[in-house]
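In the numbering used here, the protein residues as written are 45 to 328. All residues carry an ideal CB built from backbone N, CA and C; glycine is no exception.
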């Protein structure tokens, strides 16, 4: 079965956390980076095929330069539709490198506060009934092939993440644990594959034997939100009036993209929209 209108996956991490490397390893292709090397606002795709379904999951990438500001932005009413379109979250953080002694007193606290912020954003938009996958992934420092292991017992990280509905995964781990469960990248893939990626809008469309245009609108709104994050994060010195003008221009471009792809079959229309939105991102 081909899932035609999937939910989205958001991958987030602080600037300097190499989420691009993780996404490239998982998907087999590199996500787009802007001229500064940032992937914030990028839209990527992850093709999955299991014994039960195949899907091209839209992957959004974002950076958490300031967790409080990020939480405030994603808690706004206009972000509700975007957050509601998500079926999965992967929060990434850097492990200490080999030159550091211990993990530093603030690492666990920082990870916990970020997970709390994500949890609050989800609850604000979706209530407490949201279902999906939430992973907290520890990565090696950017630009290195090896890193020091997390020095706290894994059980402490498991418990910390579980408190907020996340599963802790050390990306550098390999093989299986004592219970025969996959570790590292294999566990990330397994968790994503076993998640439910079909959107409620798509299910409603199937029941009505037609395409729910509201879901297509939600898709474009979500992609516009990624553009907004990329635009507003590109230059903090731009005044609010200029921001509004730029966002109105983006809206016009997005509507033009929708109209240009209107005559295409659904799957081709989605690919066309993602490709054209990517071009707009590169021009920002």
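Residue i burial status per 10 Å Cβ neighbour count (16 or more: buried)
i           : result
residue 91  : exposed
residue 175 : exposed
residue 319 : exposed
residue 173 : exposed
residue 109 : exposed
residue 171 : exposed
residue 159 : buried
residue 85  : buried
Spatial distance of residue i from residue j (CA atoms)
i           : j           : result
residue 152 : residue 139 : 11 Å
residue 113 : residue 134 : 19 Å
residue 184 : residue 137 : 9 Å
residue 127 : residue 312 : 24 Å
residue 116 : residue 123 : 10 Å
residue 74  : residue 103 : 12 Å
residue 93  : residue 203 : 31 Å
residue 316 : residue 231 : 31 Å
residue 225 : residue 200 : 18 Å
8 Å Cβ cutoff met for residue i and residue j
i           : j           : result
residue 66  : residue 215 : yes
residue 18  : residue 69  : Any answer about residue 18 is impossible in this case: the structure gives the chain only from 45 up to 328.
residue 227 : residue 132 : no
Of the residues the options, the one placed nearest residue i, counting alpha carbons only
i           : options           : result
residue 98  : 301, 239, 304     : 239
residue 233 : 101, 198, 127     : 101
residue 106 : 81, 208, 196      : 81
residue 121 : 53, 75, 169       : 169
residue 61  : 155, 197, 95, 89  : 155
residue 166 : 57, 118, 79, 64   : 118
residue 329 : 207, 95, 125, 87  : In the structure as shown, the chain begins at 45 and stops at 328. Residue 329 is therefore absent and cannot be evaluated.
residue 207 : 235, 241, 58, 157 : 157
For residue i, the first and last residue of its enclosing beta strand (DSSP E)
i           : result
residue 56  : 52-57
residue 98  : 98-107
residue 137 : 130-138
residue 178 : 177-183
residue 227 : Here residue 227 belongs to no beta strand (DSSP E), and DSSP marks it neither H nor E.
residue 63  : Premise fails: residue 63 lies in the alpha helix (DSSP H), 63-71, not in any beta strand (DSSP E).
Neighbour flag for residue i against chain C, beta carbons, 8 Å
i          : result
residue 60 : Protein chains in the displayed structure number just one, and chain C is not present.
Residue i CB to nearest heavy atom of the ligand MG below 7 Å
i           : result
residue 220 : Absent from the structure shown: the ligand MG. Ligands present: none.
Residue i, enclosing alpha helix (DSSP H) - first and last residue
i           : result
residue 202 : 198-206
residue 87  : Residue 87 -> not in any alpha helix (DSSP H); beta strand (DSSP E) instead, spanning 87-93.
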